[in-house]
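Report on the following structure.
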Amino acid sequence: MCKQVAARHPGAFDQLVERHQACAFRLARSVVGNDADARDVSQEAFIRLYESAHRFDGRSRFSTWFYRIVVNLCIDHQRRTKWWRRLLPLASEADDADEARTEPIADEPTPDVEVMRREMTVNLNRMLNKLSPNQRIAVMLQAQEGLSSREIAAVLKCSESTARVHIYRGLMQLKKALPKD
Amino acid sequence: MAKHPLTALVPYLQGELATAERARVAQHLEGCAECCQLRDSLAGISADLARWIEQLPAPNPLLYHAELARKLALRQAAESRFGWPRFAWVSLAALSASAIVLILMFTIQRQSRVPSVEQLATEYEISEAGIGLLRDYPVVSHLELLENYDVIEHLDELPETDNQHHAAPA
């Protein structure tokens, strides 16, 4: 598929976006912390993918390569906005609350389900925010994508044993925050 | 008992361990209730997390795709306009810096060429004083002759040259 994107086959890029957009968005969302930035970062990742698809050599899994792009962009984004978040630490939370009310979602659930979903989202975000960025990325990639610790190590550019530590510590932190049932 | 293989439990659950390591972890789990409990707990958290992530709101695919297509088109348009879009700003900044340096160099050079008011006044005084020796280089180049008293004594007898009128002070 990536080769087809590199060869500019009509529709190949659209298919790739369709397949990975939700995962890329959620991964970015877990790092950057709000929907608007997550959308921008994940879309930028797809643009980078379109521009550099010819560089993918197929030695690793496509998802590993693509998530590396997403993670790099997230880290760049965090670095750029660090000074702003230091100045206005509450601004992003308020923005998120507004966005959560207005952001369109994929399907249209009933109001009860919607309330539960929002509650879970808030809880999950709160829990994930307690983790370090590397732990967050490791846990997300493990749970969402089922990436192995070796693949997560490739995305995070660390050793496999370090990636295992990130996954373990991340899950243990989440265990503390999760309800017992 | 061997050290608890805490960080190997998730890879063990995922089935990604090599045979030897997998056997070692399995052997440890047989004799360690604590690690068995932790393994089950980690499996539960991981599954819960995967379910929760699935339920996270995602942007509307159509809107997301349309916005992405618009951004990509803009990027490509910028690429065709500037040729090298990622470095467009860098190139622009480098060009501006070069222009500023050139302007500064030109200004400094011009300033060094223009004499100051004091310099002009001094030069004017000299020219008004009519110090011919400074203007008449042939005389200046033979100043060492003035050390010879014989020559000094017979200066009047030196043949007259075209520049003679410059040599005499006013």
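Chains as they are written, first to last, in my numbering: chain Z, 1 to 181; chain C, 1001 to 1170.
Where is the CB? At the ideal position from N, CA and C, for every residue including glycine.
- Assignment of Z:Cys158 by DSSP, reduced to helix, strand and coil, places it in the coil class.
- Per the coordinates, the alpha-carbon of C:Ser1046 lies some 10 Å from the alpha-carbon of Z:Met140.
- Under the 7 Å criterion on CB atoms, Z:Ile69 is classed as non-interfacial with respect to chain C.
- Per DSSP, C:His1154 lies in no alpha helix (DSSP H) segment and is marked neither H nor E.
- At a cut-off of 7 Å between C-beta atoms, C:Arg1039 does not count as an interface residue with respect to chain Z.
- At least one CB atom of chain C sits nearer than 7 Å to the CB of Z:Leu171.
- Counted as a single uninterrupted DSSP element, the stretch harbouring C:Asn1060 is not any alpha helix (DSSP H), since DSSP gives it neither H nor E.
- Between C:Glu1034 and C:Asp1048, the alpha-carbon positions lie close to 21 Å from each other.
- For the stretch 126 to 150 of chain Z, the beta-carbon criterion of a distance under 8 Å to any beta-carbon of chain C is satisfied by Val139, Met140, Gln142, Ala143, Gln144, Gly146, Ser148, Ser149, Arg150.
- Its chain contains Leu1013 as the residues whose beta carbon lies nearer than 8 Å to that of C:Ala1043, once the 5 sequence neighbours on both sides are disregarded; these appear in chain order.
- The alpha-carbon separation between Z:Tyr67 and Z:Ala24 amounts to approximately 7 Å.
- In the three-state scheme derived from DSSP, where H, G and I count as helix and E and B as strand, Z:His20 is classed as helix.
- At a cut-off of 7 Å between beta-carbon atoms, Z:Gln43 makes contact with chain C.
- A Cβ-Cβ distance of about 6 Å is found for the pair Z:Arg169 and Z:Gln135, placing them in contact under the 8 Å criterion.
- Z:Asn129 counts as exposed, since fewer than 16 other C-beta atoms from the protein chains shown sit within 10 angstroms of its C-beta.
- With contacts defined by Cβ atoms closer than 7 Å, Z:Val41 and Z:Ala28 form a contacting pair.
- The alpha carbon of C:Thr1007 has as its nearest neighbour, out of Z:Lys175, Z:Lys176, Z:His166, Z:Ser63, the alpha carbon of Z:His166.
- Close CB contacts of Z:Trp65 within its chain, under the 7 Å cut and outside five residues either way in sequence, are with Phe56 (chain order).
- Counting along the chain, Z:Pro133 sits inside the alpha helix (DSSP H) bounded by residues 133 to 140.
- Using a C-beta cut-off of 8 Å, the stretch 1019 to 1035 of chain C makes no contact with the stretch 143 to 159 of chain Z, since fewer than three inter-stretch Cβ pairs fall below that distance.
- The three-state secondary structure of C:Arg1051, taken from DSSP, is helix.
- Beta-carbon to beta-carbon, C:Leu1072 and Z:Ile47 are separated by about 6 Å, close enough to satisfy the 8 Å threshold.
- In this model, Z:Asn34 and Z:His54 are separated by some 31 Å (Cα to Cα).
- Judged by DSSP in its simplified three-state form, C:Glu1016 adopts coil rather than helix or strand.
- Interface criterion not met: the Cβ of C:Val1090 is under 7 Å from no Cβ in chain Z.
- For Z:Gln43, the enclosing alpha helix (DSSP H) stretches over residues 35 to 52.
- Interface criterion met: the Cβ of C:Ser1046 is under 7 Å from a Cβ in chain Z.
- With respect to C:Trp1089, Z:Leu124 sits apart: the two C-beta atoms are not nearer than 7 Å.
- Across the stretch 3 to 37 of chain Z, CB contacts with chain C closer than 8 Å involve Asp14, Val17, Glu18, Gln21, Ala22, Phe25, Arg26, Arg29, Asp35, in sequence order along the chain.
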